[in-house]
Amino acid sequence: MRTLSDPTILVSQCFIDGAFVGSPALDVTNPSTGETLAQVPDLSAPEAEQAVEAAAVAFPLWAGRTAKERSAILRTWFDLIMAHRTDLATILTSEQGKPFNEALGEIDYAASYIEFYAEEAKRVAGEMLASHRADARIMVLRQPIGVVAAITPWNFPAAMITRKVGPALAAGCTVVIKPAPETPLTALALAELARRAGFPPGAINVLTGDAIAIGGVLTSHPKVRLVGFTGSTEVGKILMRQAATTVKKVALELGGNAPFIVFDDADLDAAVEGAIQSKYRNMGQTCVCTNRIYVQDAIHDRFVEKLVARVAQLKLGDGFEDGVMQGPLITEDAVVKVEAHIADAVAKGAEILIGGKRDPRGRTFFQPTVLTGATGEMTLAGEETFGPLAPVFRFTTEDEAIAAANATDTGLAAYFYTRDAARVFHVTERLEYGMVGVNTGLISTELAPFGGVKESGNSREGSHHGITEFLELKYACIGGL
Ligand code: ADP
Numbered sequence: 001m002r003t004l005s006d007p008t009i010l011v012s013q014c015f016i017d018g019a020f021v022g023s024p025a026l027d028v029t030n031p032s033t034g035e036t037l038a039q040v041p042d043l044s045a046p047e048a049e050q051a052v053e054a055a056a057v058a059f060p061l062w063a064g065r066t067a068k069e070r071s072a073i074l075r076t077w078f079d080l081i082m083a084h085r086t087d088l089a090t091i092l093t094s095e096q097g098k099p100f101n102e103a104l105g106e107i108d109y110a111a112s113y114i115e116f117y118a119e120e121a122k123r124v125a126g127e128m129l130a131s132h133r134a135d136a137r138i139m140v141l142r143q144p145i146g147v148v149a150a151i152t153p154w155n156f157p158a159a160m161i162t163r164k165v166g167p168a169l170a171a172g173c174t175v176v177i178k179p180a181p182e183t184p185l186t187a188l189a190l191a192e193l194a195r196r197a198g199f200p201p202g203a204i205n206v207l208t209g210d211a212i213a214i215g216g217v218l219t220s221h222p223k224v225r226l227v228g229f230t231g232s233t234e235v236g237k238i239l240m241r242q243a244a245t246t247v248k249k250v251a252l253e254l255g256g257n258a259p260f261i262v263f264d265d266a267d268l269d270a271a272v273e274g275a276i277q278s279k280y281r282n283m284g285q286t287c288v289c290t291n292r293i294y295v296q297d298a299i300h301d302r303f304v305e306k307l308v309a310r311v312a313q314l315k316l317g318d319g320f321e322d323g324v325m326q327g328p329l330i331t332e333d334a335v336v337k338v339e340a341h342i343a344d345a346v347a348k349g350a351e352i353l354i355g356g357k358r359d360p361r362g363r364t365f366f367q368p369t370v371l372t373g374a375t376g377e378m379t380l381a382g383e384e385t386f387g388p389l390a391p392v393f394r395f396t397t398e399d400e401a402i403a404a405a406n407a408t409d410t411g412l413a414a415y416f417y418t419r420d421a422a423r424v425f426h427v428t429e430r431l432e433y434g435m436v437g438v439n440t441g442l443i444s445t446e447l448a449p450f451g452g453v454k455e456s457g458n459s460r461e462g463s464h465h466g467i468t469e470f471l472e473l474k475y476a477c478i479g480g481l
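Counted the way the UniProt record's numbering counts, the sequence shown spans residues 1 to 481.
Pasting the structure below:
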């Protein structure tokens, strides 16, 4: 690990009830070098119960603070995160692999949710509705739902946590976080900064260890009222099923299979740039990464030529090297999946125009790749590759492109490029997706509701909508007036 300016934020113990606990057991590895960075505790069900109990005790105390007091502590946390952004990004790149500049971007993005919900905490409001009786009034309160569990993935080790706990804490909920085993150090550093910010003991807890056992407690304990999860659709379904036994709310952000459609009236250079950003960010390992590129006949060859020229410029290497735009994939298994998608596509007639192989660095490094001649029969059309593979499909009509784009069980992000104003509205309305990028490949911001439809999920993170997940409505009929 590179030297940190504040080494005390590099914590390798779990955080329960305001204390750092647990002994070293599980390796945290740098995906670029294979170096062991630290060992974190291997906790299980008993500690998960302890964390939930601590969060349950802290809940009335935290919810009982005024919104302004909660807001001030969240704001202090935001300030501390920003003051430590370089160190946090260093930890993030070390355990996750993304280029250091992207890691800095993620820290800023992650922090923006804490900042936004510090402000939003003060805007939670109930309402008085028209009454059904002259001697009664209908009052509607919005109250925090209770203890929230947050189970998060490795691709955004900071932001997937703050997108959940920012609004949860702002609403008055307390949280138990289970970060991904690949990237616990960013989560624990955030917990240390939260401790410094002045959250009361038990308001924020972080557990590492046995995912199935910890997840079992978080989805069954009667005191947990909401399970927030970002990760694979497969695990999301398991957690939803488990949470059903105690009728918890579930807020799921699951896999995507994003189409990127380039119509023949598009600004081609802008479309290529958008494709690069949405495909190769985080080495293709985000749930909103473009998975399928559809290009209309008349511009197909020109688009492909420009795309390949841009991909040739993407510098691959360790995330800390200057100018690197493509780091390692998270594990060698991830590389194997990309290879399998390429092999299947080539066997079914696709042509590799650039990349297609492991990088000479070996292990987790894979060359950014572009394929043409992709078809709906290939595995890459139905499954998220989650790697640096851009398959290009050719289409003729708008209807054909929309039907292909929608031919998936998932519906997270979709993108399209056009200069036709009517098409902007018609295509946006017909795409069965929770988010649509029109003439842009970058859509994530704390100011907008992020989330999917179909099997991509059932909740929204960000904007004023994000906090409603963590608030219950209570209606009081005030009679005898
Ligand atoms: P990915 O493919 O991105 O690793 P996963 O869905 O496997 O996605 O993992 C996302 C998060 O869910 C991680 O924190 C992981 O440890 C956790 N997880 C995986 N399986 C379970 C489970 N059965 N119960 C609870 N958490 C789980």
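C-beta: ideal position from N, C-alpha, C; glycine also. Remember, predicted model here, so these are calculated numbers, not experimental data.
Query, Result
"Proximity test, residue 178 beta-carbon vs ligand 1 heavy atom, cut-off 7 Å", "yes"
"DSSP bridge partner residues for residue 27 (one or two, in chain order)", "39"
"Counterpart residues of residue 295 in DSSP-defined beta bridges", "262 and 394"
"Inter-residue spacing [alpha-carbon to alpha-carbon] between residue 91 and residue 10", "8 Å"
"Assumed close pair residue 263, residue 418 - CB separation to whole angstroms, cut-off 8 Å", "4 Å"
"Residue range of the unbroken beta strand (DSSP E) whose run includes residue 425", "Here residue 425 belongs to no beta strand (DSSP E); instead the alpha helix (DSSP H) covers 421-430."
"Reduced DSSP secondary structure (H/G/I, E/B, other) of residue 119", "helix"
"Whole runs of the alpha helix (DSSP H) within the stretch 320-397, excluding any shorter than 4 residues", "332-347 and 379-382"
"heavy atom of ligand 1 below 7 Å from residue 231 C-beta", "yes"
"Counterpart residues of residue 128 in DSSP-defined beta bridges", "139"
"Three-way DSSP call (helix, strand, coil) for residue 471 in this model", "strand"
"contact_flag[the stretch 248-259, the stretch 296-313] where n(CB pairs < 8 Å) is 3 or more", "no"
"Residue 117 and residue 159 closer than 8 Å at C-beta", "no"
"Beta-carbon contacts of residue 446 that lie in its chain and below 6 Å, excluding the five residues immediately before and after", "112, 113, 116 and 462"
"Within 8 Å, strictly: CB atoms of residue 277 and residue 442", "yes"
"Residue 169, DSSP secondary structure in three states", "helix"
"Exposed unless 16 or more other CB atoms sit within 10 angstroms - verdict on residue 173", "buried"
"Local Cβ density within 10 Å of residue 323, reported as buried at 16 or more and exposed below that", "exposed"
"Which of helix, strand or coil DSSP assigns to residue 304", "helix"
"Assigned secondary structure, residue 163 (DSSP; H/G/I helix, E/B strand, else coil)", "helix"
"Backbone secondary structure at residue 411 - three-state DSSP", "strand"
"Range covered by the alpha helix (DSSP H) that runs through residue 177", "Not the alpha helix (DSSP H): residue 177 falls in the beta strand (DSSP E), residues 174-178."
"Contact set for residue 236: own chain, Cβ-Cβ below 6 Å, skip 5 residues either direction", "229, 252 and 254"
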